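Participant: Residue numbers are given in our numbering: position 116 of the sequence shown equals residue 1058, and the series is strictly consecutive.
For every residue, glycine included, the Cβ atom is placed at its ideal position computed from N, Cα and C.
Keep in mind it's a predicted model, so treat the numbers as computed, not measured.
Once you've had a glance at the structure underneath, I'll fire off some questions.
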Amino acid sequence: MFEYIKPSGLNFPPLNKRTETTMIVLHHSATTSATLKAMHDYHITKGMSGLAYNIVVFKDGSTFWGRGLDIVGGHTSDTKINKISLGICAIGNFETETMGNDQKEALKKVIRDLLKYYPSITEIKGHKEVTSTACPGKNYPLGEMKILLNESTDTSSEDVDTDSSGLIKEGQKGDKVKELQQELKSIGYDPGGIDGIFGPKTKTAVIAFQTAMGVSTDGIVGPITSGALKEVVAKPTIKNGSKGYAVRQIQTLLKKRGYDPKGVDGIFGNNTEGAVKKFQTASKITADGIVGPKTWGAICK
């Protein structure tokens, strides 16, 4: 469940294990950039047994163990709170900045998994709610994190990947929705997060893709949209003379980036080839007019 959380490589003295887990306490590092080692050393100077948090989430979404899953933290000045809670620190100063999507989605994933692992958790609080402090900052998305607790206890929120017709649409949840979101993001359509929940932003991304492909723009992933998506996600090598949804996608992205292919029709002609060459030149890719892995990678960023 927590295989995505990386080891910190830090050395701690023997630490006590929690015997009860009923709360998650959310923190920020109060610096726009920090390293695990720097925080570890700083906490030692404050008389702690090293890094005080159980888990640390960086701005790029990478996640590391601090003290570990079942260890008593030192993340608040209230020892009673520390003995019953997990402390999660997000790198950043959220008094002055806002949290980026990668970090936010990683944080949500951690919280969701903790709620599954510890069904005894009944509270998610910001540091300032248990101690006199500004942490985790006025811009920290605390409300979004607290909602996850209600989500985990809502008996109506079981995974529903598809309905009886096999469609994937707004309101559904599960691995197939998550896969859809990953696919959309990989080809340049932001679903608003990779969380397995088909919400309004995912629907908007689906409609944008359907519009580009020239298929029905209903925001529902049925056989036609699914087929188009699979072709585009495969990112096949295409060139002058190629036809299909992958060509439409390249034409759409070229036009979006200011390299007009003179039409989005799914036909790779001379105008599309010329636009590809211009994009390749600007991206410092061999300008051969052929859309291979390097060109796909550059244009889908």
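1. Apply the 10 Å Cβ neighbour rule to threonine 1144 and answer buried if 16 or more other Cβ atoms are within range, or exposed otherwise.
2. Which residue's Cα is closest to the Cα of proline 949: Thr973, His970 and Thr1005?
3. Quick one: what's lysine 959 bridged to in DSSP?
4. So, at 7 Å on beta carbons, what are the nonlocal neighbours of glycine 1183 in its own chain, with the 5 sequence-adjacent residues on each side left out?
5. Which residues share a DSSP beta bridge with isoleucine 1162?
6. Run through DSSP, which three-state label would valine 1052 get?
7. Looking only at C-alpha atoms, which of Gln1152, Lys1050, Lys1177 and Gly1138 sits nearest to isoleucine 1166?
8. Indicate the three-state DSSP secondary structure (helix, strand or coil) for isoleucine 1241 in the structure shown.
9. Could you say which of Lys1111, Phe1036 and Lys1177 lies nearest to aspartate 1160 if we only look at CA atoms?
10. Return helix, strand or coil for alanine 1032, following the three-state DSSP convention.
11. Express the C-alpha separation of leucine 1028 and leucine 886 in angstroms, rounding to a whole number.
12. Rounded to the nearest angstrom, what separates lysine 1181 and glycine 1231 at their Cα positions?
13. Find the nearest neighbour of serine 971 within the set Thr1228, Tyr984 and Ala1217, judged by alpha-carbon distance.
14. Among the residues of its own chain, which have a CB less than 7 Å from the CB of valine 1052, if the five just before and after it don't count?
15. Is glycine 1003 near phenylalanine 1036, with beta carbons less than 7 Å apart?
16. In or out: proline 956 buried (at least 16 other Cβ within 10 Å) or exposed?
Facilitator: Let's see:
1. Threonine 1144 is buried by the Cβ-count criterion.
2. Thr1005
3. Beta-bridge pairing links lysine 959 to Ile1013.
4. Phe1210
5. DSSP, once it has assigned bridges, lists no residue as partnering isoleucine 1162.
6. When secondary structure is reduced to three states using DSSP, valine 1052 falls in the helix class.
7. Gln1152
8. Correct three-state label for isoleucine 1241: helix.
9. Nearest option by C-alpha distance: Lys1111.
10. strand
11. Here the chain covers residues 943 to 1243 and nothing more, so residue 886 does not appear.
12. 7 Å
13. Tyr984
14. Same-chain partners within the cutoff: Ile997, Val999, Thr1005 and Ile1030.
15. no
16. Looking at its Cβ environment, which holds fewer than 16 other Cβ atoms inside 10 Å, proline 956 is exposed.
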